[in-house]
Amino acid sequence: MNAAATALAQPASATSDLTCGYQRFALGGFTFRRDEYFAHVGWTARDGRPMSHTMDAGNFLRALMRDVAWGFFYGTVSFDDVVGTHNHYKTVDLFAGSFNGTMKEAGVDRLENFATDEIRATFEAMLDDWTNERFDPFSAPQETGSPYGRKQGNNRAKITRARELAKRCVGLKGDLDLRSDERGAPVNRAFADVPQEQPELHPEPGFEDEVHAFNLFGFLSRSQVTWNPSFTSVVKHSYMCPTTEEHILPILHGNDRVEWFFQMCDEIHWDCADKDTGKPLARVIMKAGDMAAMPAYCRHQGYSPKRSMLLVWENGSPSLVYEIQKGESPEIPVQF
Amino acid sequence: MSAVEYQTRFGSLSNYEKGGVQAIADDVRHYAFSNCFDIAAHSKPYERVVFGQNQVYVLECLRAEGSSPWYTCAHDEFALVMDGDVEVHLVKLEAAQTVPDPDKNGAVQVEGPPRGARMGWMRLQRGHQALLPRNTAYQLRSATPGVVVLQTCKGDLSIERWAEICQTA
Chain B
0 MNAAATALAQ
10 PASATSDLTC
20 GYQRFALGGF
30 TFRRDEYFAH
40 VGWTARDGRP
50 MSHTMDAGNF
60 LRALMRDVAW
70 GFFYGTVSFD
80 DVVGTHNHYK
90 TVDLFAGSFN
100 GTMKEAGVDR
110 LENFATDEIR
120 ATFEAMLDDW
130 TNERFDPFSA
140 PQETGSPYGR
150 KQGNNRAKIT
160 RARELAKRCV
170 GLKGDLDLRS
180 DERGAPVNRA
190 FADVPQEQPE
200 LHPEPGFEDE
210 VHAFNLFGFL
220 SRSQVTWNPS
230 FTSVVKHSYM
240 CPTTEEHILP
250 ILHGNDRVEW
260 FFQMCDEIHW
270 DCADKDTGKP
280 LARVIMKAGD
290 MAAMPAYCRH
300 QGYSPKRSML
310 LVWENGSPSL
320 VYEIQKGESP
330 EIPVQF
Chain Z
0 MSAVEYQTRF
10 GSLSNYEKGG
20 VQAIADDVRH
30 YAFSNCFDIA
40 AHSKPYERVV
50 FGQNQVYVLE
60 CLRAEGSSPW
70 YTCAHDEFAL
80 VMDGDVEVHL
90 VKLEAAQTVP
100 DPDKNGAVQV
110 EGPPRGARMG
120 WMRLQRGHQA
130 LLPRNTAYQL
140 RSATPGVVVL
150 QTCKGDLSIE
160 RWAEICQTA
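Just so you know, the sequences run in chain order B and Z. Residue numbers are given in numbering that gives the first Met the number 0: position 4 of the first sequence equals residue 3, and the series is strictly consecutive. Residue numbers are given in numbering that gives the first Met the number 0: position 48 of the second sequence equals residue 47, and the series is strictly consecutive.
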């Protein structure tokens, strides 16, 4: 982990802010600075007007953490109603107001395209510099310290966790390991009542590596992060990406494809809105056993009062994004 | 300071509560909202009811009760137990009984009794997930009704009845 952290590229445009101790960053026509409470984004509108936007520093860092950890994910990752990124898989758009109906209509938005490596280097450096030693932007608010105040140390180990991706199935020989106390993955306090026994396996001699099952709920109860879909089983391009959720999904996700949610315990409330304008469309209340699709025209943000287990189910086909662009893939999962 | 106690709420065939879509300005059918316990409560044993679909890929919901037919598949599948106590029995299928087309999607029923070496069996409870390896025969057994979610591709045995399982208004 530390090796990856020390390899963070330092963008040439970073400058030091003497009052609070944080660096300022610039990327194309955008500027970023933080103070004790806020992250401030600045840009110039298409007609030359200077524009600005302010986010709570904790909310900004939680969003930035997901965007960095997911490599810009699928489609649009909005930090809030104004600022976000849109992944084109080799390049990434950075935008302010471009997916906000009112700002777009007023012509005060800005969208700029960057090579993925360039925006990644700036985002990683910003996340590293603006995250103080007591704050873990991957944790729920009750689990970590305050994001506020002047610059104090860093939390490099917590912001450079490797993404956990099984190739075939968790626990298989040569694949992603099961989680355990010994591997630094104790059971989360909110899942203390989740059974930890593994399934009974009775392989015949010679079939020990093929007769395979594991305790998925136990595995999830030991997740050390929130809102971070990770692969546990793979069928061709069908990826089971379960994750544990607590508090608010730090981004609004406007996927470029249909995705499905299967709520495995407790509950999550989803706000769904028009992907392009932010106009509210629906709220989806999901309890244990509920299944719902997120149509490709909506963006969604989840609220989980208690840490809960969510199966995010993705079709990771590399050709899907082009099929969507050509109109060959429907925005609605199923017609009935 | 004493630790806060939490209760994790799982669902079951005998005790589940559905959420739902609260529409503001949209058609609730676009969210294809269903519940696996509700589906299994109204299914025959081992009907493979599709409740998630993304192009060729599906998630199927099964009511596990008694012994299933023997199935096989040209690709891996996975079974996640959501309720009950389910055994999975595996046979390394002879080539003559495997699916001839390696690109065929979805499970098929094995014709006649499965022939090949017994690979062993597994006993799964709620939250346990099993690999159903490609080109093996598998049978699910459950003494009491349970609920299983299958990660697979849409195939000959997949049953679609969206209007019956999904919220429509």
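Here a beta-carbon is modelled for each residue, glycine too, at the ideal position from N, C-alpha and C.
Throw me the rounded Cβ distance for the residue i and residue j pair, which I believe falls under 8 angstroms.
i: Gln312(B); j: Cys264(B); result: Residue identity differs from the one stated: residue 312(B) is Trp in this sequence, not Gln. Actually they are not in contact, since the Cβ atoms of Trp312(B) and Cys264(B) sit about 16 angstroms apart, beyond 8 angstroms.
i: Trp259(B); j: Gly51(Z); result: 5 angstroms
i: Gly41(B); j: Phe24(B); result: Actually they do not touch by this definition, with Cβ atoms about 11 angstroms apart.
i: Gln124(Z); j: Val109(Z); result: Going by Cβ atoms, the distance from Gln124(Z) to Val109(Z) rounds to 26 angstroms, so no, they are not a contact pair.
i: Ala129(Z); j: Ala189(B); result: Wrong, their Cβ atoms sit about 26 angstroms apart, outside the cutoff.
i: Tyr296(B); j: Asp270(B); result: Not really, about 15 angstroms apart at Cβ, beyond 8 angstroms.
i: Phe59(B); j: Phe78(B); result: 6 angstroms
i: Gln150(Z); j: Asn314(B); result: With 8 angstroms as the limit, Gln150(Z) and Asn314(B) do not qualify as a contact, their Cβ atoms being about 12 angstroms apart.
i: Pro198(B); j: Met118(Z); result: No, Pro198(B) and Met118(Z) are not in contact; Cβ-Cβ is about 15 angstroms, not under 8 angstroms.
Could you tell me which of the options sits nearest to residue i, measuring between CA atoms?
i: Ala355(B); options: Leu248(B), Leu126(B), Ala68(B) and Lys235(B); result: In the structure as shown, chain B begins at 0 and stops at 335. Residue 355(B) is therefore absent and cannot be evaluated.
i: Ala136(Z); options: Arg114(Z), Ser13(Z) and His41(Z); result: Arg114(Z)
i: Asp255(B); options: Lys305(B), Ile284(B) and Ile331(B); result: Ile331(B)
i: Gln300(B); options: Phe134(B), Leu164(B) and Gly253(B); result: Gly253(B)
i: Tyr36(B); options: Tyr302(B), Gln262(B), Ser145(B) and Phe216(B); result: Ser145(B)
i: Asp336(B); options: Lys91(Z), Cys152(Z) and Thr167(Z); result: Since the first residue of chain B shown is 0 and the last is 335, residue 336(B) is not available in this structure.
i: Lys305(B); options: Arg33(B), Val283(B), His268(B) and Leu319(B); result: His268(B)
i: Gly170(B); options: Thr231(B), Ala13(B), Ile323(B) and Ala124(B); result: Thr231(B)
i: Glu123(B); options: Lys172(B), Leu177(B), Pro140(B) and Ala62(B); result: Ala62(B)
i: Glu179(Z); options: Lys17(Z), Ala142(Z) and Cys152(Z); result: Nothing about residue 179(Z) can be read from this structure; chain Z reaches only from 0 to 168.
i: Gln138(Z); options: Trp69(Z), Gly18(Z) and Ala2(Z); result: Trp69(Z)
i: Asp55(B); options: Ala44(B), Val82(B), Pro204(B) and Phe98(B); result: Val82(B)
i: Ala287(B); options: Tyr5(Z), Val3(Z), Ala2(Z) and Lys17(Z); result: Lys17(Z)
i: Phe71(B); options: Leu248(B), Val91(B), Leu177(B) and Glu104(B); result: Val91(B)
i: Phe206(B); options: Lys172(B), Arg188(B) and Val193(B); result: Lys172(B)
i: Lys153(Z); options: Gly105(Z), Glu4(Z), Asn14(Z) and His88(Z); result: Gly105(Z)
i: Val233(B); options: Arg167(B), Ala272(B) and Asp108(B); result: Arg167(B)
i: Pro317(B); options: Asp80(B), Ser328(B), Glu132(B) and Phe190(B); result: Ser328(B)
i: Arg149(B); options: Met285(B), Arg33(B) and Tyr321(B); result: Arg33(B)
i: Ala44(B); options: Ala95(B), Met64(B), Arg182(B) and Val224(B); result: Ala95(B)
Using a Cβ-Cβ cut-off of 8 angstroms, state whether residue i counts as contacting chain B.
i: Ala169(Z); result: No information on residue 169(Z) is available, as it lies outside the stretch 0 to 168 that chain Z covers here.
i: Ala168(Z); result: no
i: His41(Z); result: no
i: Gln157(Z); result: With the sequence shown as reference, residue 157(Z) is identified as Ser, and Gln is not the correct amino acid for it. No, because no Cβ of chain B sits closer than 8 angstroms to the Cβ of Ser157(Z).
i: Gly51(Z); result: yes
i: Arg117(Z); result: yes
i: Arg28(Z); result: yes
i: Ala106(Z); result: no
i: Tyr56(Z); result: yes
i: Cys165(Z); result: yes
i: Gly145(Z); result: no
Report yes if the C-beta of residue i is less than 7 angstroms from at least one heavy atom of the ligand MN; otherwise report no.
i: Arg282(B); result: This structure simply doesn't include the ligand MN, nor any ligand for that matter.
Does residue i have its Cβ less than 8 angstroms from a Cβ in chain Z?
i: Pro202(B); result: yes
i: Ala4(B); result: In this prediction, Ala4(B) has a pLDDT of 40, which is less than 50 and means its spatial position is unreliable; nothing more can be read from the coordinates.
i: Asn341(B); result: There is no way to answer for residue 341(B), as the model of chain B reaches only from 0 to 335.
i: Phe72(B); result: no
i: His211(B); result: yes
i: Asp80(B); result: no
i: Asn1(B); result: Unreliable positioning characterises Asn1(B) in this predicted model, as indicated by a pLDDT of 36, which lies under 50. A coordinate reading is not provided.
i: Ala191(B); result: yes
i: Met64(B); result: no
i: Glu199(B); result: yes
i: Trp312(B); result: yes
i: Pro304(B); result: no
i: Pro136(B); result: no
i: Val224(B); result: no
i: Ser237(B); result: yes
i: Ala165(B); result: no
From the DSSP output, which residues share a beta bridge with residue i?
i: Asp55(B); result: Phe37(B)
i: Ala63(Z); result: Gly145(Z)
i: Glu266(B); result: Lys286(B)
i: Trp42(B); result: Phe29(B) and Met50(B)
i: Thr90(B); result: Ala114(B)
i: Phe213(B); result: Gln128(Z)
i: Leu58(Z); result: Gly51(Z) and Gln150(Z)
So which residues of chain C does residue i contact, with C-beta pairs closer than 8 angstroms?
i: Leu215(B); result: Going by chain labels, chain C is absent from the structure shown, which instead holds the protein chains B and Z.
Identify each residue in the segment 0-20 of chain Z for which the Cβ-Cβ distance to at least one residue of chain B is less than 9 angstroms, and report them in chain order.
Ala2, Val3, Glu4, Tyr5, Gln6, Thr7, Arg8, Phe9, Gly10, Ser11, Tyr15, Glu16, Lys17, Gly18, Gly19 and Val20
Residues in the segment 119-142 of chain Z with C-beta within 9 angstroms of chain B's C-beta atoms, listed in sequence order?
Gly119, Trp120, Met121, Arg122, Leu123, Gln124, Arg125, Gly126, His127, Gln128, Ala129, Leu130, Pro132 and Thr135
When Cβ atoms are compared, which residues of the segment 278-290 of chain B fall closer than 9 angstroms to chain Z?
Of all residues in the segment 278-290 of chain B, only Lys278, Pro279, Leu280, Ala281, Arg282, Val283, Ile284, Met285, Lys286, Ala287, Gly288, Asp289 and Met290 come within less than 9 angstroms of chain Z when Cβ atoms are compared, listed by chain position.
Within 9 angstroms of chain B by C-beta, residues of the segment 60-76 of chain Z in sequence order:
Of all residues in the segment 60-76 of chain Z, Cys60, His74, Asp75 and Glu76 have a Cβ within less than 9 angstroms of some Cβ in chain B.
Can you give me, in chain order, the residues of the segment 318-331 of chain B that have a beta carbon less than 8 angstroms from any beta carbon in chain Z?
Leu319, Ser328 and Ile331
Tell me which residues of the segment 81-101 of chain Z have at least one Cβ-Cβ distance to chain B shorter than 8 angstroms, keeping chain order.
Met81, Val87, Leu89 and Lys91
Please list, in chain order, the residues of the segment 31-57 of chain B that have any C-beta partner in chain Z closer than 7 angstroms.
none
For the segment 251-266 of chain B, enumerate the residues whose C-beta is nearer than 8 angstroms to any C-beta of chain Z, in chain order.
Arg256, Val257, Glu258, Trp259, Phe261, Gln262, Met263, Cys264, Asp265 and Glu266
Any residues in the segment 137-161 of chain B with a beta carbon nearer than 8 angstroms to a beta carbon of chain Z? Which ones, in chain order?
none
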